[in-house]
Each structure stands twice: as C-alpha cells, then as structure tokens.
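Below you'll find the structure, written out as structure tokens, and then a few comments.
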C-alpha cells in the first residue's frame with residue numbers, strides 16, 4: 002500500500018457492532034495508530050425522534066472549514082492541521098431480541114470518508130500512552146482528582162508507580178478529571194452538586210432567592226460539629242471575604258473561630274451576590290442564629306471591608 006497523499010483505506014474499519022462507545026473508540030484508535038495516523042472525537046448529533054446518538058470521529062489533522070474564507074492565507078504556525086477529510090461515523094442502534102422487543106443498543110461503525118491527504122507516521126510508544134491506562138491507574142487517578150491533587154503531581158505519581166511507562170500528557174489528565182467530576186455530579190452543575198453534597202452531609206443551610214429572576218443570591222452553610230465548637234468558643238470570630246473571582250461572580254465569606262489554645266476552626270461559609278451592607282447583614286443574622294438568644298461574640302475581626310463594618314453594629318451591637 003502506498004503511503005502518501007490520497008491514501009485509501011477501504012476495509013480497515015470493517016467491524017461487527019460494538020456494545021459500548023468506549024470499545025468502539027479504543028478499537029478504532031488502535032487500528033488508526035497501527036496504520037500511521039490518529040483519530041479524535043469531533044462532534045455528535047442526537048435524533049429528536051428516537052433519542053439515539055450519532056458520533057463523528059476524524060483524523061487529528063482534520064481542520065473545521067466553517068468560518069474559513071476560501072482564499073484565506075494560512076499563518077505560519079506549528080499546527081499539524083492539514084484539512085484531512087478522513088471521517089468515521091458511529092451510529093447508535095437499537096438491539097432487538099427474538100421476540101422483536103428492544104433489549105438495548107449497540108454502536109455501528111461506518112467510514113464516511115476514507116481518504117487522507119498527508120503522510121502516515123510510525124507513532125512511538127510514548128504517543129500510544131494515550132490509551133494505556135489500566136484499571137488500577139484509573140482508580141489511582143480518581144482518588145487523586147477527588148483529593149484535589151494537581152494534574153502535574155498525578156502525572157508524576159503515575160510515573161513513579163512503575164517507571165515503565167512514560168508520563169501521560171497534562172491534557173489527558175485534565176480530560177479524565179473533567180469526566181470523573183462529571184460522573185460524580187450525576188448530571189448536576191457544580192452549584193447544584195455543592196448544595197446536594199451539603200444536604201447529604203447534614204449542613205445547616207440558609208438560602209435567599211431573587212423573587213423576580215428565581216436565581217439564588219445568598220447561601221449560608223455550617224456543619225453541626227462546627228456549630229457545636231462555635232457555641233463552646235464564641236469569644237473571637239474572624240470574618241474574611243474574597244472578591245468575586247469565581248465563574249459565578251459571587252463573593253465567598255468565611256467565618257473563623259478560635260479556641261483558647263489558639264487553634265482556628267471554620268464556623269461557616271457563605272456565598273453572596275453583592276458586597277453591600279445589606280448582604281453582610283443577611284449573613285450575620287444567619288451567624289447569630291447559631292448561638293443562643295442574647296449571646297454574641299466578644300470580638301469580631303474583619304479585613305476592613307466597609308460593608309461588613311457597617312453591618313456588624315446592626316446585628317451584634319455588643320461585639
């Protein structure tokens with residue numbers, strides 16, 4: 002078989018239907034690398050009537066022609082995109098039992114365009130490392146991701162386990178981390194998952210919703226053990242607010258207590274939309290509910306946040 006521009010691979014991707022999408026992709030990736038190219042997941046569609054998916058996988062040298070002018074001059078970059086048109090179509094199909102009833106689904110592979118416009122490459126073992134994670138490594142990565150370990154340290158940890166495989170790429174670990182967190186959230190967005198996790202852990206919660214927009218504007222959360230410690234050591238409370246640097250543009254307020262042995266502990270967290278006096282009054286009122294009636298902290302330490310300083314005398318006049 003000649004290797005070069007216009008190469009045709011008519012029968013490489015003929016296969017029986019696959020039970021899972023991962024099985025189909027791993028099989029296609031192995032076939033592709035054995036023949037000098039790589040494939041990537043490109044796009045997908047979903048039928049509005051059956052709800053079945055159609056996936057499109059392309060050569061990694063594919064370039065999306067959308068929004069590109071026909072006579073555009075390409076910049077002198079290091080990109081390996083060559084506009085390769087090789088494309089695989091993976092369609093989900095219902096499986097039927099002997100009685101004619103739907104008993105599941107499978108994935109059927111077809112070649113939509115089987116031509117390449119570039120030279121083939123003999124990929125080194127380091128490149129094949131993309132799909133070389135075994136079950137133990139996946140479990141190790143999952144534990145590290147849940148422990149908030151940075152991908153660079155996860156990569157080093159994987160290498161130190163055996164020293165037989167090259168270190169995986171950062172992008173690969175980022176993608177696995179996103180997939181793991183998405184599976185844990187079970188379809189919920191990060192905010193919904195946070196509230197659900199707090200409820201499962203027994204946190205005391207207060208929420209404020211904008212009646213006009215039905216959007217969440219304030220959240221206050223405190224763990225029962227933290228409340229117990231706060232009632233025992235209510236002498237000094239430190240309140241610190243971070244600016245709205247997160248994706249939701251909300252501010253995070255942390256309330257810290259101190260024991261007689263100079264040990265700090267977290268009393269509660271709060272998230273608020275604004276940083277006005279009214280926002281801090283709402284938070285301090287919730288903090289006051291954690292103590293018995295008529296009891297307040299002796300000292301409240303702040304970072305000179307003006308809205309907070311104006312709100313403290315209104316809620317804790319004796320502090």
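Numbering (the working numbering), first residue to last: 2 to 320. No residue lacks a Cβ here, since even glycine has one placed at the ideal position from N, Cα and C. Since we're looking at a predicted model, the values are computed, not measured.
Problem set entry | Contacting residues, own chain, Cβ-Cβ under 6 Å from residue 46 (five flanking each side not counted) | Position 45 of the chain shown, counting from 1, holds the residue named residue 46. So the list reads 55, once near-sequence residues are dropped.
For this session: Measure how close the beta-carbons of residue 238 and residue 268 come, nearest whole angstrom, since I'm counting them as under 8 Å.
Result: Indexing the chain shown from 1 puts residue 238 at position 237. Indexing the chain shown from 1 puts residue 268 at position 267. Going by Cβ atoms, the distance from residue 238 to residue 268 rounds to 7 Å, so yes, they are a contact pair.
For this session: Would you kindly work out how many angstroms separate the C-alpha atoms of residue 13 and residue 44, rounded to a whole number?
Result: Start at 1 with the first residue of the chain shown, and residue 13 comes out as number 12. Start at 1 with the first residue of the chain shown, and residue 44 comes out as number 43. C-alpha separation (whole angstroms): 22 Å.
Problem set entry | beta strand (DSSP E) segment containing residue 90, residue limits | Here residue 90 is taken as the residue at index 89 of the chain shown, counted from 1. Its beta strand (DSSP E) spans residues 88 to 97.
Problem set entry | Unbroken stretches of the alpha helix (DSSP H), 4 residues or longer, contained in the segment 277 to 319 | 278 to 289, 307 to 316
For this session: Tell me residue 42's beta-bridge partners as DSSP assigns them.
Result: In the chain shown, residue 42 corresponds to position 41, counting from 1. Paired residues: 58.
Problem set entry | Residues near residue 109 in its chain [Cβ-Cβ closer than 6 Å; skip 5 each side] | Here residue 109 refers to the residue found at position 108 when the chain shown is read from its first residue. So the qualifying residues of the chain are 18, 92, 94.
Problem set entry | 8 Å CB neighbourhood of residue 98 in its chain, flanking five on each side removed | Residue mapping note: residue 98 aligns to position 97 of the chain shown, counting from 1. Excluding positions up to five away in sequence, the list reads 104.
Exercise. Which first and last residues belong to the alpha helix (DSSP H) in which residue 107 is found?
Worked result: As a working mapping, residue 107 is identified with position 106 in the chain shown. Residue 107 -> not in any alpha helix (DSSP H); beta strand (DSSP E) instead, spanning 103 to 114.
Exercise. Do you know offhand how far residue 39's Cα is from residue 61's?
Worked result: In the chain shown, the residue the question calls residue 39 occupies position 38. In the chain shown, the residue the question calls residue 61 occupies position 60. Using only the alpha carbons, I get a separation of about 6 Å.
For this session: Spatial neighbours of residue 242 within its chain, please: CB distance less than 6 Å, with the 5 preceding and 5 following residues excluded, ordered by chain position.
Result: Against the chain shown, residue 242 aligns to sequence position 241. Correct list, in chain order: 252, 254, 306.
Exercise. Which residues does DSSP pair with residue 217 in a beta bridge?
Worked result: Position 216 of the chain shown holds residue 217. Residue 217 is bridged to 210.
Exercise. Mapping DSSP to helix, strand and coil, what is residue 255?
Worked result: Position 254 of the chain shown, counted from the start, is the residue given in the question as residue 255. If DSSP states are grouped into helix, strand and coil, residue 255 belongs with the strands.
Exercise. According to the neighbour-count rule (16 or more other Cβ atoms, all chains shown, within 10 Å of its Cβ), is residue 157 buried or exposed?
Worked result: For the purposes of this step, residue 157 is taken as the residue at position 156 of the chain shown. Counting Cβ neighbours within 10 Å, residue 157 comes out exposed, since fewer than 16 surround it.
Exercise. In three-state terms, what does DSSP make of residue 63?
Worked result: Counting from one through the chain shown, the residue named residue 63 turns up at place 62. Residue state, collapsed to three classes: coil.
Exercise. Quick one: what does DSSP say residue 163 is sitting in, helix, strand or coil?
Worked result: Counted from its first residue, the chain shown places residue 163 at position 162. In the structure shown, residue 163 sits in a helix (DSSP, three-state: H, G or I).
Problem set entry | Residues that DSSP places opposite residue 240 in a beta bridge | Taking the chain shown and counting its residues from 1, one reaches residue 240 at position 239. Residue 240 pairs with 256.
Exercise. Is there contact here, the segment 308 to 318 with the segment 270 to 280, by at least three beta-carbon pairs under 8 Å?
Worked result: yes
For this session: State the DSSP-derived secondary structure class of residue 269, mapped to helix, strand or coil.
Result: On the chain shown, residue 269 is found 268 positions in, with the first residue counted as 1. Correct three-state label for residue 269: strand.
For this session: Report the rounded CA-to-CA distance for residue 320 versus residue 228, giving the unit in angstroms.
Result: Counting from 1 along the chain shown, the entry for residue 320 is found at position 319. Counting from 1 along the chain shown, the entry for residue 228 is found at position 227. Between residue 320 and residue 228, the C-alpha separation is close to 19 Å.
For this session: Name, in chain order, the residues that DSSP records as bridge partners for residue 223.
Result: Residue numbering aside, residue 223 sits at position 222 when the chain shown is read from its first letter. Paired residue(s): 205.
For this session: Determine which residues share a DSSP beta bridge with residue 47 and list them.
Result: The residue labelled residue 47 in the question sits at position 46 within the chain shown. According to DSSP, residue 47 bridges with 54.
Exercise. Which residue comes first and which comes last in the alpha helix (DSSP H) that contains residue 175?
Worked result: For this step, residue 175 is matched to residue 174 along the chain shown. Taken as a continuous stretch (DSSP letters only), the alpha helix (DSSP H) holding residue 175 covers 171 to 186.
Exercise. Between which two residues does the alpha helix (DSSP H) containing residue 26 stretch?
Worked result: Taking the chain shown and counting its residues from 1, one reaches residue 26 at position 25. Residues 22 to 35.
Exercise. Which residues does DSSP pair with residue 19 in a beta bridge?
Worked result: Taking the chain shown and counting its residues from 1, the one referred to as residue 19 is at position 18. DSSP output for residue 19 lists 108 as bridge partner(s).
Problem set entry | Same chain, Cβ closer than 6 Å to residue 122, neighbours up to 5 away in sequence not counted | On the chain shown, position 121 is the one that residue 122 refers to. Excluding sequence neighbours, residue 122 sits near 37.
Exercise. Which same chain residues, not among the five before or five after residue 224, have their C-beta less than 6 Å away from its C-beta?
Worked result: As a position in the chain shown, residue 224 is number 223, starting the count at 1. If we look at residue 224 and ignore the five residues flanking it on each side, its Cβ neighbours are 204.
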